[in-house]
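For our numbering, add 434 to where a residue sits in the sequence shown, where the first one is 1. Ideal Cβ placement from N, Cα and C applies to all residues, glycine included. What you are looking at is a predicted structure, and each value in this text was computed from that prediction instead of being measured. One structure below.
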Amino acid sequence: MAGPEIVGLALAVPSFLETLIHTGQDLSVRISAARNPRLMTGDLSAFTTRSAQLLAQWTVGNQLCNSTRIDAAIQSALDRDFIDIQTRILEAKQYVAQVEKYGRLRRFWVADRPRKALEESTRGLERVIRQFEDTVKAVEASERLPANVFLSADVFQWVGNHVVEVADRVCIRKGCLTRGYHKTKPKIGLFLRESRPYGGFSPARVQDIEDDIKFLAKNLTTAVEATGILDLVGYRNNLETEDFELIFDVKSDLEPKGVLRAFIASTEALSLSSRVEMCIQLADAVFQVHKLHLVHKNINSGNTIVMSDSGAADSALRIFLVNWQLVRRATNATTMQGETQWWRQVYQHPTRHLELAEVEYSMGHDIYSLGVCMIELLLWKPLVIQPSINDPPVVSPIFISEAAKLGFEVDATGQHNWLAPRDIQKVLVALAKSAIPFAAGDILTQLVVSCLTVLENGFGEALVINDDPVETGLNFVGAVKDRLAQLCI
C-alpha cells in the first residue's frame with residue numbers, strides 16, 4: 435500500500451493482501467519504537483505473530499465475496515470490515531508519523547492529540563480484524579465454503595508436459611506452488627494429481643461434484659499427518675480438460691516407485707519386518723480416513739502408491755492411499771452402486787459385487803479391502819497382475835491355484851468362469867490360512883482372516899455391525915494397528 439488506495443475485498447488480489455500485511459507489520463514496529471509511556475494502542479500482534487493466519491482469513495474472505503452461494507449480507511459485512519481495516523491502517527500511519535516528529539521528552543507532554551487519535555485508530559483496527567475473523571469462522575463452521583482449499587491460477591500451475599500415469603485418473607507431474615498452502619511450502623517439484631471429469635454434465639451435477647471435492651479437500655487438509663496419506667495441497671478447476679483436480683504434495687525426499695501391485699510383481703520379496711511395516715502404514719491410512727468419519731470405498735493394491743524415502747535412515751519404503759474419488763461420509767446415504775469389474779471385486783466384500791449392491795458401503799468394507807491387501811503384502815505376491823496402467827489385468831497364479839483346491843476353475847483373464855461373490859471370499863480366506871502361516875506366522879494369519887470376515891464375525895468380542903458402526907470401525911482398525919505394532923519380528 436504505497437498510497438491511500440482502498441480496494442474492495444472481492445477485487446483484492448493475493449499480492450495486495452500480502453502488501454497490506456507488510457504495511458500492518460511496519461505500523462506495529464513503528465508504534466513499538468515510539469516508546470511513549472502514555473501510549474495505549476490496540477493490539478496489532480495479528481500482523482506479526484499471526485500474519486500467516488491473518489492472510490489466510492483474508493484469502494478465504496475474498497473467496498466468499500466471489501462465491502454465488504454466499505448470502506449477500508455476509509459478503510457486504512466482510513467487504514465493509516475489510517475496507518474499514520484499510521482505512522484505519524492509513525489513519526494510524528498518519529498519526530504515528532505525527533508522534534514520531536517529536537523527541538522522546540516532548541512526545542510525553544506535547545503529542546497528546548495525535549497520541550489519542552493513534553490509540554483510537556489502532557483499537558478500532560484490532561476490533562474490526564477480530565470481527566472479520568469471527569465472520570469468516572462462522573461461515574466456515576456452517577460448511578458453506580471450505581477454508582482456503584481452492585488453488586487459483588496465480589497460486590498453482592503445472593510445469594512442462596511430462597506426465598507419469600500411475601493409476602486410473604491418477605498421475606504424477608511437476609508443478610509450481612507459489613505460496614505455502616496448509617502443510618506444503620512454496621516449491622517447484624512433484625505433485626500427485628487426481629482428476630474428476632465433469633465434461634458433458636449439467637451445471638447442477640457439476641456443482642454437486644465440486645461440492646464433493648470441497649468437502650473431501652476440507653477434511654483431508656485438516657487431518658493429522660499420517661503414514662499412508664499424502665498431504666493434500668488443495669483442488670483446482672482445469673477448464674481446458676473440464677475436470678476438477680485434487681493436488682497432493684510429493685515431498686522432495688520421496689521417489690515414486692509405482693503402484694503396489696506392479697512393485698510387488700517386479701521386486702524381490704522384502705524382509706518380513708519391512709512387509710509388516712507396510713501393513714502398518716496401510717492400516718494407519720485406513721484408520722485416519724475413518725477418524726474423519728469417511729469411507730474410502732476403493733482400497734486395493736492398484737490404488738496404493740509405493741515410494742522410497744531418502745529422508746529415512748534406512749531409505750525405507752512407504753506406501754500411500756490414492757484415488758479418493760469415491761470417498762464419502764461414513765454416515766451419508768449411498769447410491770448402492772456395486773462393483774462389476776472382476777479385478778476390483780477381488781478387493782470388495784461379496785455384498786458389494788452386484789450392479790445394485792446388497793448393502794450400503796460401510797467402514798467394514800474398507801477393513802475387508804485392507805485384509806485383501808495384507809495378503810498381497812505378507813505373501814509379496816499380487817492377486818491381480820497388471821504391470822502398468824495400460825496393461826489388461828490378469829488373475830494371479832496363486833489365486834487360480836487356491837481356487838482349484840476348492841474345486842473352482844478360474845480363467846486367467848477373468849472373462850470366463852469367474853467366481854460368485856461368496857466364492858471369492860472363500861478363496862481369499864483359504865489362501866490366507868494356507869499360505870500366510872509359512873510366510874508370516876499364525877498371529878498375522880489370524881489378523882488377516884479377522885479382516886476378511888469382519889462383517890460376518892466381528893473382531894474378538896466387538897462386532898463391527900452395531901448401533902455405532904463408526905466407533906466400532908475405528909476400534910477395529912485401531913486393534914489391527916496395535917496387533918501389528920506389538921509383533922516382534
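Please state whether DSSP places glutamate 895 in a helix, a strand or coil.
Counting from one through the sequence shown, the residue named residue 895 turns up at place 461. With a pLDDT of 47 at glutamate 895, under the threshold of 50, the modelled position of that residue is not reliable, and the figure given next carries that caveat. Looking at glutamate 895 - three-state DSSP - the assignment turns out to be coil, as it is neither helix nor strand.
Leaving out five residues on either side along the sequence, give the residues of the same chain with a beta carbon under 8 angstroms from the beta carbon of lysine 608.
Residue mapping note: residue 608 aligns to position 174 of the sequence shown, counting from 1. Taken in chain order, the residues that qualify are Trp592, Val593, Gly594, His596, Ile622, Gly623, Leu624, Phe625.
Candidates Asn737, Phe516, Pro448: closest to alanine 696 by CA position:
By one-based count along the sequence shown, residue 696 stands at place 262. Measuring from the Cα of alanine 696, the nearest candidate turns out to be Asn737.
Given a cut-off of 9 angstroms, decide if tyrosine 615 and leucine 585 are closer than it, judged by their beta-carbon atoms.
Residue numbering aside, residue 585 sits at position 151 when the sequence shown is read from its first letter. Residue numbering aside, residue 615 sits at position 181 when the sequence shown is read from its first letter. For leucine 585 and tyrosine 615, yes; Cβs fall inside 9 angstroms.
Where the alpha helix (DSSP H) containing asparagine 496 begins and where it ends:
Taking the first residue of the sequence shown as position 1, residue 496 is located at position 62. Element bounds for asparagine 496: 485-499.
Report yes if the CB atom of glycine 476 is closer than 9 angstroms to the CB atom of threonine 556, and no otherwise.
Locating residue 476 in the sequence shown gives position 42, where the first residue counts as 1. Locating residue 556 in the sequence shown gives position 122, where the first residue counts as 1. Contact: yes.
Beta-carbon proximity list for isoleucine 899, same chain, < 6 angstroms, skipping 5 on both sides
Working through the sequence shown from its first residue, we reach residue 899 at position 465. Because isoleucine 899 carries a pLDDT of 45, less than 50, the predicted location of this residue cannot be relied on, and the following value inherits that uncertainty. Within its own chain, no residue has a Cβ closer than 6 angstroms to the Cβ of isoleucine 899 once the five positions on either side in sequence are excluded.
Pairing CB atoms from the region 795-808 with CB atoms from the region 778-786, are three or more of them under 8 angstroms?
Contact between the region 795-808 and the region 778-786 is present: three or more C-beta pairs spanning the two stretches fall below 8 angstroms.
Report buried or exposed for valine 818, applying the criterion of at least 16 other Cβ atoms within 10 angstroms of its Cβ.
For this step, residue 818 is matched to residue 384 along the sequence shown. With a threshold of 16 other beta carbon atoms within 10 Å, valine 818 meets it and is buried.
For threonine 618, which beta-bridge partners are listed by DSSP?
Looking up residue 618 in the sequence shown gives position 184. Answer is Tyr615, bridged to threonine 618.
Determine the DSSP secondary structure at glutamate 674, reduced to helix, strand or coil.
By one-based count along the sequence shown, residue 674 stands at place 240. Note: glutamate 674 maps to coil in three-state DSSP.
Between the C-alpha atoms of alanine 764 and leucine 726, what's the straight-line distance to the nearest angstrom?
Start at 1 with the first residue of the sequence shown, and residue 764 comes out as number 330. Start at 1 with the first residue of the sequence shown, and residue 726 comes out as number 292. For alanine 764, the predicted model reports a pLDDT of 47, less than 50, meaning its position is unreliable; a value from the coordinates is still stated below. Taking the straight line joining both Cα atoms gives about 9 angstroms.
Is there contact between the region 479-488 and the region 508-520, where contact requires at least three CB pairs shorter than 8 angstroms?
By the criterion of at least three beta-carbon pairs nearer than 8 angstroms, the region 479-488 is not in contact with the region 508-520.
Which class does threonine 768 belong to by DSSP, given the choice of helix, strand or coil?
Counting from one through the sequence shown, the residue named residue 768 turns up at place 334. At threonine 768 the pLDDT is 45, less than 50, meaning the model places this residue with poor confidence; the figure from the coordinates comes in the next sentence. Reduced to three states, the DSSP call for threonine 768 is coil.
Taking Cβ positions, are valine 888 and alanine 866 nearer each other than 9 angstroms?
As a first step, residue 888 must be located in the sequence shown, where it is residue number 454. As a first step, residue 866 must be located in the sequence shown, where it is residue number 432. Pairing valine 888 with alanine 866 gives a Cβ-Cβ distance that is not under 9 angstroms.
Per DSSP, proline 631 forms a beta bridge with which residues?
One-based indexing of the sequence shown puts residue 631 at position 197. According to DSSP, which records beta bridges pairwise, proline 631 is partnered with Asp677.
For alanine 767, which residues of its own chain have a beta-carbon under 7 angstroms away from its beta-carbon, when the five flanking residues on both sides are left out?
Within the sequence shown, residue 767 is the residue found at index 333, counting from 1. Confidence is the limiting factor: at alanine 767 the pLDDT is only 40, short of 50, which leaves the residue's position unreliable and the question unanswerable from this model.
Drop a sphere of 10 angstroms on the beta-carbon of valine 829, count the other beta-carbons inside from all chains shown, and report buried for 16 or more, exposed for fewer.
Along the sequence shown, read from residue 1 onward, the residue named residue 829 stands at position 395. Counting the other CB atoms within 10 Å of its CB gives valine 829 a total of 16 or more, which places it among the buried residues.
Just the C-alpha distance for isoleucine 681 and lysine 652, rounded to the nearest angstrom, thanks.
Translated into the one-based positions of the sequence shown, residue 681 becomes position 247. Translated into the one-based positions of the sequence shown, residue 652 becomes position 218. Approximately 13 angstroms, taken between the alpha carbons.
Can you tell me the Cα-Cα spacing of leucine 445 and leucine 688, whole angstroms?
Taking the first residue of the sequence shown as 1, we reach residue 445 at position 11. Taking the first residue of the sequence shown as 1, we reach residue 688 at position 254. Rounded to the nearest angstrom, the two C-alpha atoms are 39 angstroms apart.
Cβ shell of lysine 527 (< 7 angstroms), same chain only, five flanking positions each side left out:
The count along the sequence shown starts at 1 and reaches residue 527 at position 93. The answer, listed in chain order, is Leu461.
Since methionine 741 sits in a beta bridge, which residues does DSSP pair it with?
The residue you call residue 741 lines up with position 307 of the sequence shown. Bridge partners of methionine 741: Pro690, Arg752.
Distance, alanine 846 Cα to valine 710 Cα:
Here the question's residue 710 lines up with position 276 in the sequence shown. Here the question's residue 846 lines up with position 412 in the sequence shown. Going by the C-alpha atoms only, they are around 29 angstroms apart.
If the criterion is Cβ atoms closer than 9 angstroms, does the pair alanine 874 and leucine 706 meet it?
Reading the sequence shown from its first residue, position 440 is the one you call residue 874. Reading the sequence shown from its first residue, position 272 is the one you call residue 706. Between alanine 874 and leucine 706, the C-beta gap is smaller than 9 angstroms, which places the two residues in contact.
Does the region 835-855 come into contact with the region 810-817, if we say contact requires no fewer than three beta-carbon pairs (one atom in each stretch) closer than 8 angstroms?
At 8 angstroms Cβ cutoff, the stretches do not touch.
With burial defined as no fewer than 16 other Cβ atoms inside 10 Å of the residue's Cβ, what is the status of asparagine 496: buried or exposed?
Numbered from 1 along the sequence shown, position 62 holds the residue referred to as residue 496. Buried: at least 16 other Cβ atoms inside 10 Å.
Assign phenylalanine 842 to one of three DSSP states: helix, strand, or coil.
Numbered from its first residue, the sequence shown carries residue 842 at position 408. Phenylalanine 842: coil per DSSP, three-state reduction.
What is the C-beta distance between valine 598 and glutamate 628, in whole angstroms, given that I count them as a contact (C-beta under 8 angstroms)?
Numbered from its first residue, the sequence shown carries residue 598 at position 164. Numbered from its first residue, the sequence shown carries residue 628 at position 194. In fact, because the Cβ distance is near 14 angstroms, the residues do not count as touching under 8 angstroms.
Within 10 angstroms of the Cβ of valine 589, are there 16 or more other Cβ atoms? Answer buried if so, exposed if not.
Against the sequence shown, residue 589 aligns to sequence position 155. A residue is called buried once 16 or more other Cβ atoms fall within 10 Å of its Cβ, and valine 589 is buried on that count.
Going by the CB atoms, is the gap between glutamine 775 and isoleucine 858 shorter than 9 angstroms?
Within the sequence shown, the letter at position 424 stands for residue 858. Within the sequence shown, the letter at position 341 stands for residue 775. With respect to glutamine 775, isoleucine 858 sits apart: the two C-beta atoms are not nearer than 9 angstroms.
Compute the distance between the beta-carbons of leucine 751 and isoleucine 809, then report whether it is under 9 angstroms.
As a position in the sequence shown, residue 751 is number 317, starting the count at 1. As a position in the sequence shown, residue 809 is number 375, starting the count at 1. Going by C-beta atoms, leucine 751 is not nearer than 9 angstroms to isoleucine 809.
Return helix, strand or coil for glutamate 810, following the three-state DSSP convention.
By one-based count along the sequence shown, residue 810 stands at place 376. Note: glutamate 810 maps to helix in three-state DSSP.
Tell whether a beta-carbon distance below 9 angstroms holds between leucine 755 and valine 667.
Within the sequence shown, residue 755 is the residue found at index 321, counting from 1. Within the sequence shown, residue 667 is the residue found at index 233, counting from 1. Taking 9 angstroms as the cut-off, the beta carbon of leucine 755 is found no closer than this to the beta carbon of valine 667.
CB-CB under 8 angstroms to isoleucine 870, same chain, minus the five flanking residues each way: which ones, in chain order?
Taking the sequence shown and counting its residues from 1, one reaches residue 870 at position 436. If we look at isoleucine 870 and ignore the five residues flanking it on each side, its Cβ neighbours are Ile809, Leu812, Leu813, Leu878, Thr879, Val882.
Quick check: the Cα distance between tryptophan 543 and arginine 549, rounded to an integer number of angstroms?
As a first step, residue 543 must be located in the sequence shown, where it is residue number 109. As a first step, residue 549 must be located in the sequence shown, where it is residue number 115. Here tryptophan 543 scores only 48 on pLDDT, less than 50, and its place in the model should not be relied on; the value that follows carries that caveat. Taking C-alpha positions only, tryptophan 543 is separated from arginine 549 by approximately 10 angstroms.
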